[in-house]
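*Asks:* Sharing a structure here in structure tokens format.
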Amino acid sequence: MFADIFINPWVDMVEAPDFLMQVLWEGLVSGILYALIALGFVLIFRSSRIFNFAQGIMVVFAALTLVGLFAMGIPAWISVGLTLVVMFVLAVTIERVVLRPLVGQPDIILFMATIGITLFLIGFGETIFGGENKVMITEELGIPTGDTVLEPFGGLLILQHLDITVVVVATLLVLALLAFLNYTQMGRAIRALGDDHQAALSVGISLQTIWVLVWFIAGIIALVTGIAWGARAGVSFALEVIAYKALPVLMLGGLESITGAIVGGLMIGILEKLFEIYWGQPLLGGNTETWFAFVLALIVLLFRPQGLFGERIIERV
Amino acid sequence: MKDTEGYVTADGRQIGGTLMEMKNITLRFGGVVAIQDISFDIREGEVRAIIGPNGAGKSSMLNVISGFYTPSEGEVWYKGQKRPPMKPFEVARQGVARTFQNIALFEGMTVLDNVMTGRLTHMTAGVASQALWWGKARNEEMENREKVERVIDFLEIQNIRKTPVGRLPYGLKKRVELARALAAEPSLLLLDEPMAGMNVEEKEDMSRFVLDVNDEFGTTICLIEHDMGVVMDLSDRVVVMDYGKKIGDGTPEEVRNNQDVIDAYLGVPH
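These protein sequence lines are chains V and G, in that order.
Just so we're aligned: 139 in UniProt numbering is position 139 of the first sequence, and the numbers increase by one with no gaps anywhere.
Just so we're aligned: 134 in UniProt numbering is position 134 of the second sequence, and the numbers increase by one with no gaps anywhere.
Right, dumping it as structure tokens:
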């Protein structure tokens, strides 16, 4: 038993480095998606103190809209454009109908409101698109579906082209968001709004504009993750789960921190894969990926309640 | 508008016409009357002070000017036009910048980023071009950066440019807040108790900066203060409030000799 936990996994890793690389690669692919989704949460949280429970259903909704539009005979890439328009309209509507009337209410009320949005989108989505599973239009979008086989250390490493595309697109999106937040006035406005509403108003920042903007960014993220995840698992309401994978990322990285979301996402993606393959499957019969991230996050919280990168709140008395 | 000729101050500065005029402003919160029928004007280029004991309604008045409160009655005239009810960010975009009594800075951001937010009112490039870092947004960012560096130099905070604001001592935070307001190149700068909670040395520094700002940039300044000594040295004209009413208005000299003002400060029973 002792050896199974503390010795054998490491021996396996060293003995089959090509397989280790395969595991790491697959962890990275999930990790970058977790990071992207976590960024969507962080942006909304920083600019409005709202924990956006609806992020998961937004992923489903975006994917369903895309597939649905394509099914109506609209060319794939035009469908993507139209889906973005739909996500923008959704952002405007949420700001107008849900957030604006609730300005100044306690955070918990706004959180409840996002649960309301979730339930509404589930019902609305089912009514329009139907509840049955659909297939993501991967090929029609021109996303490559083959694979490349490498032979490192005389072994095998299979890289799905879909995964490569996901990693490239997600990385570019994350970098673009970082640059936007750090080097443009709009980005500064988003960060500023999270720090102090009054001060933000006094320098001419409009709450409404920023809220629409961050919800739209969350919508874009939802679409990208919806396509990436939908291409592997199909488009159904179960896709929502990917967003809850971002919860331990947020616990780990802190709700405030952009760096935390990225590093936390990658860490969880890779660690949960490693744990599943080397400890979970041999010792626990597998399926550890559903809970490992949460346990990891809880352990981190025991030692650092503010998360790895969260802002430590020190209140002067 | 009454007259637009302006006047010449004791130290020989030419003051221009009316920039902002408050006409019969009343502000109620439920049954409480915070401001009662107050009128006064702010001239271009002057340092105008609003003073009064605690709870006189000074801050409420500043909040009316900056759009945080909407007056229950009365009109606000700005640059010769009646101002419709506006949100604070719209007022800011019209060129009214302000600081806060309890310091409202973006604690997690660096001094430089904080001051850069002051330039938001001058942002014209659209979201898309900013997201893609296109020509216009890029030039604008450079230009903003240059102006901000000038303000930072002016207020002598170069050495803390990259420090997160949360780590700064109180006096410096006040200065950063002033820098952010200045970066907007405002037509009217509102200062809510800029010297509150400062020691003598910091007060002297702040007074010097306020005067320098007025001098260098010709910025019109309206400030609130309850330290009489500071106000008398700084300002050209003073409005005195007590219990929501205006009890005096004039040069520091006139106000000092006004019996109502003396009573208010010494606490004659009402």
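The beta carbon of each residue, even a glycine, is placed where N, CA and C say it ideally should be.
Fair warning: this is a prediction, and the values are worked out from it, not measured in the lab.
Below 6 Å CB to CB, which residues in the same chain sit around LYS2 (chain G) once its five sequence neighbours on both sides are set aside?
*Replies:* For LYS2 (chain G), the predicted model reports a pLDDT of 47, less than 50, meaning its position is unreliable; a value from the coordinates is still stated below. Excluding positions up to five away in sequence, the list is empty.
*Asks:* So SER187 (chain G) contacts chain V; which residues on that side make the cut at Cβ distance below 9 Å?
*Replies:* Chain V residues near SER187 (chain G): none, gap ~13 Å exceeds 9 Å.
*Asks:* Look up THR138 (chain V) in the DSSP assignment and say whether it is helix, strand or coil.
*Replies:* It is coil, neither helix nor strand.
*Asks:* Going along chain V, which residues have a C-beta under 8 Å from SER66 (chain G)?
*Replies:* Chain V residues near SER66 (chain G): SER202.
*Asks:* Which bits of chain G does ARG49 (chain V) rub up against, with CB to CB less than 8 Å?
*Replies:* The premise fails here: ARG49 (chain V) is roughly 13 Å from chain G at the closest Cβ pair, so nothing lies under 8 Å.
*Asks:* Using only alpha-carbon positions, find the residue among V:ASP107, V:LEU177, V:LEU284 and V:VAL60 that is nearest to ILE262 (chain V).
*Replies:* That would be V:LEU177, whose Cα lies nearest to the Cα of ILE262 (chain V).
*Asks:* Quick check: the Cα distance between ALA91 (chain V) and GLY219 (chain V), rounded to an integer number of angstroms?
*Replies:* So the alpha carbons of these two residues sit roughly 8 Å apart.
*Asks:* Mind checking the stretch 60 to 89 of chain G against chain V and listing, in chain order, the residues whose C-beta falls within less than 9 Å of any C-beta there?
*Replies:* Against chain V - using a Cβ distance shorter than 9 Å - the residues of the stretch 60 to 89 of chain G are SER66, GLY67, PHE68, LYS87, PRO88 and PHE89.
*Asks:* Which parts of the stretch 189 to 244 of chain G are runs of the beta strand (DSSP E), unbroken and 3 residues or longer, counting only runs that do not cross its ends?
*Replies:* Listed in chain order, they are 220 to 225 and 237 to 242.
*Asks:* Does the distance from the C-beta atom of THR18 (chain G) to that of ARG48 (chain G) stay below 8 Å?
*Replies:* Taking 8 Å as the Cβ cut-off, THR18 (chain G) and ARG48 (chain G) do not qualify as a contacting pair.
*Asks:* Could you give the C-beta distance for GLY52 (chain G) and MET241 (chain G), rounded to a whole number, given that I count them as a contact under 8 Å?
*Replies:* With a Cβ gap of about 4 Å, GLY52 (chain G) and MET241 (chain G) count as contacting.
*Asks:* Which residues does DSSP pair with GLN160 (chain V) in a beta bridge?
*Replies:* According to DSSP, which records beta bridges pairwise, GLN160 (chain V) is partnered with V:ASP147.
*Asks:* Helix, strand or coil for ILE71 (chain G), going by three-state DSSP, please let me know.
*Replies:* Residue identity check: residue 71 (chain G) is Pro in the sequence provided, not Ile. Coil at PRO71 (chain G), not helix or strand.
*Asks:* Can we say the stretch 26 to 36 of chain G touches the stretch 86 to 93 of chain G, given the rule of at least three CB pairs closer than 8 Å?
*Replies:* The stretch 26 to 36 of chain G vs the stretch 86 to 93 of chain G: no contact.
*Asks:* Taking ASN287 (chain V) as the reference, which of V:ILE277, V:VAL295 and V:LEU296 has the closest Cα?
*Replies:* Nearest of V:ILE277, V:VAL295 and V:LEU296 to ASN287 (chain V), Cα basis: V:ILE277.
*Asks:* Is DSSP giving ILE50 (chain V) helix, strand or coil here?
*Replies:* ILE50 (chain V) falls in the coil class under three-state DSSP.
*Asks:* Is the stretch 60 to 67 of chain G close to the stretch 249 to 261 of chain G, with three or more CB pairs under 8 Å?
*Replies:* Because the criterion of three Cβ pairs below 8 Å is not met, the stretch 60 to 67 of chain G and the stretch 249 to 261 of chain G do not touch.
*Asks:* Check VAL76 (chain G) in the structure and name its three-state DSSP category.
*Replies:* Reduced to three states, the DSSP call for VAL76 (chain G) is strand.
*Asks:* Is it buried or exposed, ARG252 (chain V), if we count other Cβ atoms within 10 angstroms and call 16 or more buried?
*Replies:* It is worth fixing the name first, because residue 252 (chain V) is Leu in this sequence and not Arg. Buried, by the Cβ-count rule.
*Asks:* Helix, strand or coil for ASP249 (chain G)? Go by DSSP, reduced to three states.
*Replies:* In this structure, ASP249 (chain G) counts as strand in the three-state DSSP scheme.
*Asks:* Which two residues bound the contiguous beta strand (DSSP E) that contains residue 274 (chain G)?
*Replies:* Within the shown structure, residues of chain G are numbered from 1 to 270, placing residue 274 (chain G) beyond reach of any answer.
*Asks:* Grouping DSSP H, G and I as helix and E and B as strand, with all else coil, what is LYS2 (chain G)?
*Replies:* Because the pLDDT at LYS2 (chain G) is just 47, under 50, the model does not fix this residue reliably, and the value given afterwards should be weighed accordingly. DSSP places LYS2 (chain G) in coil when its eight states are reduced to three.
*Asks:* Are the C-beta atoms of ILE205 (chain V) and some chain G residue less than 8 Å apart?
*Replies:* So, interface residue.
*Asks:* Compare the C-beta of MET195 (chain G) with all C-beta atoms of chain V and state if any pair is closer than 8 Å.
*Replies:* Taking Cβ atoms only, chain V never reaches closer than 8 Å to MET195 (chain G), which makes this a no.
*Asks:* On the DSSP bridge list, what partners appear for VAL32 (chain G)?
*Replies:* Its beta-bridge partners are G:PHE29.
*Asks:* Taking only beta-carbon atoms, is MET123 (chain G) less than 8 Å away from chain V?
*Replies:* Interface residue, yes.
*Asks:* Would you say GLN306 (chain V) reaches chain G, if we count a Cβ-Cβ gap shorter than 8 Å as a contact?
*Replies:* No, because no Cβ of chain G sits closer than 8 Å to the Cβ of GLN306 (chain V).
*Asks:* What residue does the alpha helix (DSSP H) around ALA62 (chain V) start on, and which one ends it?
*Replies:* ALA62 (chain V) -> alpha helix (DSSP H) spans 55 to 71.
*Asks:* Which stretch, first to last residue, makes up the alpha helix (DSSP H) that contains ARG175 (chain G)?
*Replies:* Residues 170 to 183.
*Asks:* Could you check what DSSP says for THR9 (chain G) in three-state terms: helix, strand or coil?
*Replies:* Note: THR9 (chain G) maps to coil in three-state DSSP.
*Asks:* So which residues on chain V does LEU105 (chain G) lean against when the C-beta distance must stay under 9 Å?
*Replies:* Within chain V, the residues near LEU105 (chain G) are ASP195, ASP196 and ALA199.
*Asks:* Using the C-alpha atoms, what's the distance from ILE268 (chain V) back to TRP279 (chain V)?
*Replies:* In a straight line, the C-alpha of TRP279 (chain V) is about 15 Å away from that of ILE268 (chain V).
*Asks:* For the beta strand (DSSP E) containing VAL47 (chain G), name the first residue and the last one.
*Replies:* That run of the beta strand (DSSP E) goes 47 to 51.
*Asks:* Do ASP236 (chain G) and GLU46 (chain G) have their beta-carbon atoms positioned less than 8 Å apart in this structure?
*Replies:* Yes.
*Asks:* Against chain V, does ASP212 (chain G) count as a neighbour if the rule is that its beta carbon must be under 8 Å from one of theirs?
*Replies:* Output row for ASP212 (chain G): interface = no.
*Asks:* Which residue wins for smallest C-alpha separation from PHE61 (chain V), given the options V:GLY226, V:TRP25 and V:VAL249?
*Replies:* With distances taken between Cα atoms, PHE61 (chain V) lies closest to V:GLY226.
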